[in-house]
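Under numbering that gives the first Met the number 0, think of the first position of the sequence shown as 0, with each following residue one higher.
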Amino acid sequence: MSNRFLDKAYTAADSAEALYDAWAATYDAELGENGYVTPVRCAKALAAHSRDLTDPILDFGCGTGLSGLALKRAGFATLDGVDVSADMLKGAAAKDIYRTLSQIAPSTPLTHPKGHYAAITCIGVIGTGAAPVEVFDLVMDGLATGGLTVLSLNDHALAEPRFEAKLASYMSTGRAKLLFQDYGPHIPGINLNANVYVLEKT
Numbered sequence: 000m001s002n003r004f005l006d007k008a009y010t011a012a013d014s015a016e017a018l019y020d021a022w023a024a025t026y027d028a029e030l031g032e033n034g035y036v037t038p039v040r041c042a043k044a045l046a047a048h049s050r051d052l053t054d055p056i057l058d059f060g061c062g063t064g065l066s067g068l069a070l071k072r073a074g075f076a077t078l079d080g081v082d083v084s085a086d087m088l089k090g091a092a093a094k095d096i097y098r099t100l101s102q103i104a105p106s107t108p109l110t111h112p113k114g115h116y117a118a119i120t121c122i123g124v125i126g127t128g129a130a131p132v133e134v135f136d137l138v139m140d141g142l143a144t145g146g147l148t149v150l151s152l153n154d155h156a157l158a159e160p161r162f163e164a165k166l167a168s169y170m171s172t173g174r175a176k177l178l179f180q181d182y183g184p185h186i187p188g189i190n191l192n193a194n195v196y197v198l199e200k201t
């Protein structure tokens, strides 16, 4: 299989929902062929900093459930997922790993009570051609004090200062504490790496 959608993903406009709807049917196969490892890296990092793996986790931008599958394999027992793409959510539902799955509108605040989730993941979600950096604000707003988030920023996002600047603004103002940061493989098949971060809301 050629990289039909990977070739387009990093040149699309921010919040390109139409791309992900069209990609849904072949997303798992294309990323699998190219060695997508960020979900596993993120799941392991979050597990290492979590107090109780039975606490509910929200998989924000869950897509077809590759992130949820990695979280399950890392020991997390209770997962809910949200995504803007109805077609991606069909793939997630087929994996039968989520307690609930919901479609959300882009840039819409999360509606659950703060503290309902011990962590909100944002794995492979924010970046060029994907969700805008302001999505990080939605994730942090959805956490209570002490809540965790794990996210990734790939090389394309790291090349644009605004992405890491958003994280730095939370840490410099005391709104979050960095627990973990590691640079490593993201999609080896296209020679793309990523930073993985775990932050605690303070």
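For every residue, glycine included, the Cβ atom is placed at its ideal position computed from N, Cα and C.
Same chain, Cβ closer than 8 Å to residue i, neighbours up to 5 away in sequence not counted
| i | result |
| --- | --- |
| Leu-68 | Pro-38, Lys-94 and Ile-96 |
| Met-170 | Lys-176, Leu-177 and Leu-198 |
| Asp-54 | Thr-77, Tyr-116, Ala-117 and Ala-118 |
| Asp-154 | His-185, Leu-191, Asn-192 and Ala-193 |
| Pro-187 | Asn-33, Gly-34 and Val-36 |
| Asp-79 | Pro-55, Ile-56, Leu-57, Asp-58, Tyr-97, Arg-98, Thr-99, Leu-100, Ser-101 and Tyr-116 |
| His-111 | Leu-57 and Gly-141 |
Residue i - containing alpha helix (DSSP H), residue span
| i | result |
| --- | --- |
| Cys-41 | 37 to 48 |
| Lys-113 | Run containing Lys-113: none; DSSP gives neither H nor E here. |
| Ser-171 | 160 to 171 |
| Ala-24 | Here Ala-24 belongs to no alpha helix (DSSP H), and DSSP marks it neither H nor E. |
| Leu-157 | 154 to 157 |
Assumed close pair residue i, residue j - CB separation to whole angstroms, cut-off 8 Å
| i | j | result |
| --- | --- | --- |
| Thr-63 | Ala-42 | Rounded, the Cβ-Cβ distance is 16 Å, inconsistent with contact. |
| Gly-141 | Lys-113 | 7 Å |
| Leu-57 | Ile-119 | 5 Å |
| Pro-88 | Leu-100 | It should be noted that the sequence gives Leu, not Pro, for residue 88. Contact flag correct, Cβ pair sits at about 5 Å. |
Alpha-carbon to alpha-carbon, residue j and residue i
| i | j | result |
| --- | --- | --- |
| Val-134 | Asp-27 | 24 Å |
| Pro-105 | Thr-172 | 27 Å |
| Glu-29 | Tyr-35 | 9 Å |
| Thr-107 | His-48 | 28 Å |
| Leu-52 | His-115 | 14 Å |
| Glu-32 | Ser-66 | 16 Å |
| Leu-45 | Val-149 | 6 Å |
| Ser-1 | Gly-183 | Confidence at Ser-1 is low in this model, with a pLDDT of 48, below 50, so its placement is unreliable and the value that follows should be read with caution. Each residue's Cα considered, the two are about 24 Å apart. |
| Asp-86 | Lys-71 | 22 Å |
| Asp-13 | Asp-20 | With a pLDDT of 45 at Asp-13, under the threshold of 50, the modelled position of this residue cannot be trusted, and the question is left open. |
| Ser-84 | Ala-24 | 12 Å |
| Phe-179 | Arg-40 | 11 Å |
| Ala-156 | Leu-147 | 21 Å |
| Arg-174 | Ile-189 | 35 Å |
| Gly-126 | Glu-159 | 9 Å |
| Lys-165 | Ala-73 | 28 Å |
| Arg-3 | Glu-163 | 29 Å |
| Leu-137 | Leu-152 | 16 Å |
| Arg-50 | Met-139 | 19 Å |
| Ser-168 | Trp-22 | 33 Å |
Neighbourhood of residue i by C-beta, 7 Å cutoff - its chain only, sequence neighbours within 5 removed
| i | result |
| --- | --- |
| Gly-60 | Asp-82, Cys-121, Val-124 and Ala-130 |
| Thr-201 | Thr-144, Gly-173, Arg-174, Ala-175 and Lys-176 |
Own chain residues within Cβ distance below 6 Å of residue i, not counting five before or after
| i | result |
| --- | --- |
| Asp-181 | Val-195 |
| Arg-161 | Val-132 |
| Phe-75 | Leu-52 and Ile-56 |
Limits of the beta strand (DSSP E) - the one that residue i falls within
| i | result |
| --- | --- |
| Leu-198 | 191 to 200 |
| Asp-58 | 56 to 59 |
| Pro-184 | 175 to 186 |
Counting only runs of 4+ residues fully inside the segment 64 to 152, write out the alpha helix (DSSP H) ranges in chain order. 65 to 72, 85 to 94 and 134 to 140
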